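Next up, the structure:
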């Protein structure tokens with residue numbers, strides 16, 4: 023009883039250090055208290071554990087929880103939950119299970135947040151989805167879409183698609199319907215792992231069932247097929263995205279315009295550019311793609327219009343755009359326009375490259 027006032031003062035000192043961001047001093051003080059067998063209260067450990075948890079100093083949370091358990095202090099569930107979360111963040115699955123066992127021995131129950139972190143840690147460590155579901159049931163967690171999505175996301179991050187699909191099946195068995203977020207994680211992982219048939223099947227099913235779809239769903243396929251040079255597939259999925267009224271990202275529009283140009287689909291490129299202009303300001307890269315296409319196909323007047331439109335959108339032609347136009351005038355034998363374009367190019371600080379100079383000299 024006589025030690026209580028001193029213990030209260032120590033608690034205030036610990037809190038003051040943490041509030042001032044002086045974690046080293048707080049840690050030193052508590053270490054000295056432990057070493058000198060001073061009266062230790064749960065609040066002493068709580069100050070550091072809660073502060074470190076707030077600062078996401080997971081190793082420190084685990085360290086001070088271990089010290090608290092060694093002190094035989096009666097600790098509240100809040101500290102156990104913080105420590106379980108910390109162990110999971112450190113991928114210390116054994117430590118998390120040990121803490122939950124200790125909680126059960128003390129008639130305490132982990133909260134939903136701590137249990138969710140435990141489940142995620144199991145997924146990150148690659149445990150079979152059946153084990154994750156068993157843990158979920160053992161902890162009495164009611165099925166929630168956000169929990170399942172977090173687990174699917176972490177399985178997909180590790181490329182563990184079979185377990186991710188197993189969880190999705192378990193979701194359906196428990197009456198939960200996979201949502202747009204679930205689809206996003208699966209599609210991203212399918213595309214990243216080159217499983218394009220499965221990605222297409224999933225998106226086609228969602229499209230046919232009129233489920234909620236996001237631009238990123240189509241963007242995964244457009245981007246991956248563009249990377250693979252499968253131009254017809256890029257155009258196909260961009261058309262489907264526009265059909266479903268998706269507002270795609272600039273890079274997706276550029277990929278689709280590039281694909282149309284590779285397929286010599288002038289009308290397709292124009293249609294996609296028109297859709298792009300309704301939602302975004304086309305980039306210099308957008309116009310460079312089209313300039314190159316028009317120049318390569320002898321469509322000089324369309325190229326000139328595109329070069330003019332570029333400026334109307336406040337974009338400044340770069341060296342590549344000037345060289346494309348100059349080469350087009352060389353091919354068309356239009357000396358007057360060539361001279362004007364080369365003069366303008368040099369005024370803008372761009373030096374004609376040797377291939378262009380050689381082409382001009384041969385005219």
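In our numbering, the protein residues as written are 23 to 385. Where a beta carbon is used, it is the ideal one built from N, C-alpha and C, also for glycine. Keep in mind that this is a model prediction, so the values were computed, not measured.
Beta-carbon to beta-carbon, residue 279 and residue 308 are separated by about 6 Å, close enough to satisfy the 8 Å threshold. Setting aside the 5 residues that flank it on each side, residue 58 has no residue in the same chain whose C-beta is closer than 7 Å to its C-beta. The Cβ atoms of residue 322 and residue 274 do not sit closer than 9 Å to each other.
Residue state for residue 75 is assigned as helix, using DSSP reduced to three classes. Residue 89 is positioned such that its CB atom lies no closer than 9 Å to that of residue 108.
Residue state for residue 284 is assigned as helix, using DSSP reduced to three classes. 9 Å or more divides the Cβ of residue 70 from the Cβ of residue 60.
Non-local C-beta neighbours of residue 229 in its own chain, meaning closer than 8 Å and more than five positions away in sequence, comprise 235, 262, 266, ordered along the chain. Put simply, of 43, 91, 372, 204 the residue whose alpha carbon is nearest the alpha carbon of residue 73 is 43.
Here the alpha carbons of residue 256 and residue 247 stand approximately 6 Å from one another. Cβ-Cβ separation between residue 154 and residue 174: approximately 11 Å, too far for a contact (criterion under 8 Å). Boundaries for residue 58: no alpha helix (DSSP H) harbours it, and the DSSP string shows neither H nor E there. Residue 349 carries a helical assignment under DSSP once its states are collapsed to helix, strand and coil. In the structure shown, the three-state DSSP call for residue 94 is coil.
DSSP places residue 296 within a helical segment (H, G or I) once states are collapsed to three.
Ranked by Cα distance from residue 195, the options 165, 202, 375, 223 are led by 165. When rounded, the separation of the alpha-carbon atoms in residue 104 and residue 148 is 23 Å. For the pair residue 125 and residue 95, the CB atoms are not nearer than the 9 Å cut-off.
By the 16-neighbour rule on beta-carbons within 10 angstroms, residue 114 is buried. Comparing alpha-carbon positions, the option among 211, 205, 172 lying closest to residue 183 turns out to be 211.
Boundaries of the alpha helix (DSSP H) harbouring residue 194: 183 to 195, taken from the DSSP string.
Of all alpha-carbon atoms in 141, 78, 158, the one lying nearest the alpha-carbon of residue 176 is that of 141. Here residue 171 is buried, its C-beta having at least 16 other C-beta atoms within 10 Å.
Secondary structure at residue 124: helix, using DSSP grouped into helix, strand and coil. Nearest C-alpha to residue 326 among 354, 301, 305: 354. In the structure shown, residue 266 falls within a coil segment according to DSSP collapsed to helix, strand and coil. Taking 9 Å as the cut-off, the beta carbon of residue 218 is found no closer than this to the beta carbon of residue 204. Taking C-beta separations shorter than 7 Å and ignoring five residues to either side along the sequence, the partners of residue 253 in its chain run 281, 284, 285, following chain order. Close CB contacts of residue 363 within its chain, under the 7 Å cut and outside five residues either way in sequence, are with 344, 347, 348, 351 (chain order).
Nearest to residue 271 by alpha-carbon distance, out of 48, 301, 258, is 301. With respect to the C-alpha of residue 289, the residue from 251, 312, 240 having the closest C-alpha is 312. By the neighbour-count definition (other C-beta atoms within 10 Å, threshold 16), residue 298 is a buried residue. Comparing alpha-carbon positions, the option among 159, 202, 209, 156 lying closest to residue 181 turns out to be 209. The beta carbon of residue 185 lies closer than 6 Å to those of 151, 177 in the same chain, with the five residues before and after it left out.
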